[in-house]
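Engineer: Below is one structure. I have some questions about it.
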Amino acid sequence: NAGVTQTPKFQVLKTGQSMTLQCAQDMNHNSMYWYRQDPGMGLRLIYYSASEGTTDKGEVPNGYNVSRLNKREFSLRLESAAPSQTSVYFCASSQYRTGNHEQFFGPGTRLTVL
Amino acid sequence: AQSVTQLGSHVSVSEGALVLLRCNYSSSVPPYLFWYVQYPNQGLQLLLKYTSAATLVKGINGFEAEFKKSETSFHLTKPSAHMSDAAEYFCAVRGSGTSYDKVIFGPGTSLSVIP
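Note that the protein sequences, when read in sequence, are chains W and U. Residue numbering for the first sequence is 9 to 122, as defined by this note's numbering. Residue numbering for the second sequence is 1482 to 1596, as defined by this note's numbering.
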């Protein structure tokens, strides 16, 4: 049972380049989330998906797009990277419909935009 | 809207001393509250959660937290700090209404344990 996996673990981009962060979970969870973590700011929600086929904006969606490819996979795309997007990105999943709101996190992707 | 504040962005304790990390919340509905821990270069993992049952909640690694409605607090404690407790700790509250399926995180408290 791998839980939540993310690829890549590290990435360096130049301003204007694009990339996709991949996330997959094997816990059969309905909900999936993308966060960014910056020093002193905790985790901020970028996008989330309550179920397969649905996505919604979170607190800081500008500059990002997402795709809920199927129940397992939820990807985050940066179309034109900016230095302000330098951050650590975490994917998470949960099964809140059962009343359990615990979120399970992946190991993170450290992204640097030069 | 739900929100969380954590007093002290950094806390240092001696090994064997009491750990106290403070969390206050704001919620328009009965809250679900969480403490997560993040070890260096890892993702977050759940320490404990309060879901309107017992007000004193026990978690993993000897941590516990007490829900106090009158103080809107959910402070995290551990009687005796261990070196392995050095990590970042996040308090969080479940969203409400259209944000029911989301969790709002506090800014985090970094715990250092001095030998």
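Cβ coordinates follow ideal geometry from the N, Cα and C atoms, glycine included.
Return no unless some Cβ of chain W is closer than 8 Å to the Cβ of U:Val-1492.
Structural biologist: Within the second sequence, residue 1492 of chain U is the residue found at index 11, counting from 1. Answer no: the Cβ-Cβ gap between U:Val-1492 and chain W never drops below 8 Å.
Engineer: Which residues in the same chain have their Cβ closer than 8 Å to the Cβ of W:Arg-85, if we skip the five residues on either side of it in sequence?
Structural biologist: Position 77 of the first sequence, counted from the start, is the residue given in the question as residue 85 of chain W. Excluding positions up to five away in sequence, the list reads Ser-26, Met-27, Thr-28, Leu-29, Tyr-72, Asn-73, Val-74 and Ser-75.
Engineer: With 8 Å set as the bound, which would you pick, yes or no: does the beta-carbon of U:Pro-1588 sit closer than that to a beta-carbon of chain W?
Structural biologist: Along the second sequence, one-based indexing puts residue 1588 of chain U at 107. Yes, because at least one Cβ of chain W sits closer than 8 Å to the Cβ of U:Pro-1588.
Engineer: Short check: CB of U:Ile-1585 to CB of U:Val-1510, under 8 Å?
Structural biologist: Locating residue 1585 of chain U in the second sequence gives position 104, where the first residue counts as 1. Locating residue 1510 of chain U in the second sequence gives position 29, where the first residue counts as 1. Not a contact, by the Cβ cut-off of 8 Å.
Engineer: Determine, using beta carbons only, whether W:Cys-31 and W:Ser-88 come nearer to each other than 8 Å.
Structural biologist: The residue given as residue 31 of chain W occupies position 23 in the first sequence. The residue given as residue 88 of chain W occupies position 80 in the first sequence. Contact: no.
Engineer: Does the beta carbon of U:Arg-1503 sit closer than 8 Å to a beta carbon anywhere in chain W?
Structural biologist: Against the second sequence, residue 1503 of chain U aligns to sequence position 22. Chain W, which has no Cβ nearer than 8 Å to the Cβ of U:Arg-1503, makes this no.
Engineer: Give me the chain W residues within the contact set of U:Lys-1583, using Cβ-Cβ distance strictly less than 7 Å, ordered along the chain.
Structural biologist: Along the second sequence, read from residue 1 onward, the residue named residue 1583 of chain U stands at position 102. In chain order: Leu-53 and Tyr-56.
Engineer: For the beta strand (DSSP E) that contains W:Ser-92, what are its first and last residues?
Structural biologist: Translated into the one-based positions of the first sequence, residue 92 of chain W becomes position 84. No beta strand (DSSP E) contains W:Ser-92, which DSSP labels as neither H nor E.
Engineer: Check the Cβ of U:Leu-1592 against every Cβ in chain W and list those closer than 9 Å, keeping chain order.
Structural biologist: Within the second sequence, residue 1592 of chain U is the residue found at index 111, counting from 1. Near U:Leu-1592 there are no residues of chain W at all, since even the closest Cβ is about 15 Å away, more than 9 Å.
Engineer: Flag this pair as yes or no: are the beta carbons of W:Cys-99 and W:Gln-45 separated by less than 8 Å?
Structural biologist: On the first sequence, position 91 is the one that residue 99 of chain W refers to. On the first sequence, position 37 is the one that residue 45 of chain W refers to. Cβ atoms of W:Cys-99 and W:Gln-45: not closer than 8 Å.
Engineer: Quick check on U:Lys-1530: buried or exposed, where buried means 16 or more other Cβ atoms within 10 Å of its Cβ?
Structural biologist: Along the second sequence, one-based indexing puts residue 1530 of chain U at 49. Classification for U:Lys-1530: buried.
Engineer: Given this structure, state the Cα-to-Cα distance separating U:Gly-1587 from U:Tyr-1570, to the nearest angstrom.
Structural biologist: For the purposes of this step, residue 1587 of chain U is taken as the residue at position 106 of the second sequence. For the purposes of this step, residue 1570 of chain U is taken as the residue at position 89 of the second sequence. Those two C-alpha atoms are separated by around 9 Å.
Engineer: Is U:His-1563 close to the ligand GTP? I mean its beta-carbon at under 7 Å from any heavy atom of the ligand.
Structural biologist: Looking at this structure, you won't find the ligand GTP or any other ligand, since it has none at all.
Engineer: Got a sec: is the Cβ-Cβ distance from W:His-109 to anything in chain U below 8 Å?
Structural biologist: By 1-based counting over the first sequence, the position of residue 109 of chain W is 101. Closer than 8 Å: yes.
Engineer: Can you name the start and end residues of the beta strand (DSSP E) that U:Met-1564 belongs to?
Structural biologist: The residue labelled residue 1564 of chain U in the question sits at position 83 within the second sequence. Unbroken run through U:Met-1564: none, as it is neither H nor E.
Engineer: Determine the chain U residues that contact W:Ser-39 at a beta-carbon separation under 7 Å, and present them in chain order.
Structural biologist: Within the first sequence, the letter at position 31 stands for residue 39 of chain W. Within 7 Å Cβ-Cβ: Asp-1582.
Engineer: Comparing alpha-carbon positions, which option in U:Gly-1578, U:Pro-1560, U:Gln-1487 and U:Lys-1583 lies nearest U:Lys-1539?
Structural biologist: Taking the first residue of the second sequence as 1, we reach residue 1539 of chain U at position 58. That would be U:Pro-1560, whose Cα lies nearest to the Cα of U:Lys-1539.
Engineer: Quick check: W:Phe-113 and W:Ser-102, are their CB atoms within less than 8 Å of each other?
Structural biologist: Taking the first residue of the first sequence as 1, we reach residue 113 of chain W at position 105. Taking the first residue of the first sequence as 1, we reach residue 102 of chain W at position 94. Cβ distance not < 8 Å, so W:Phe-113 and W:Ser-102 don't count as in contact.
Engineer: Is U:Asn-1505 helix, strand or coil when you go by DSSP?
Structural biologist: Taking the first residue of the second sequence as position 1, residue 1505 of chain U is located at position 24. In the structure shown, U:Asn-1505 sits in a strand (DSSP, three-state: E or B).
Engineer: If you run the structure through DSSP and keep just helix, strand and coil, what is U:Asn-1542?
Structural biologist: In the second sequence, residue 1542 of chain U corresponds to position 61, counting from 1. Here U:Asn-1542 sits in helix by DSSP.
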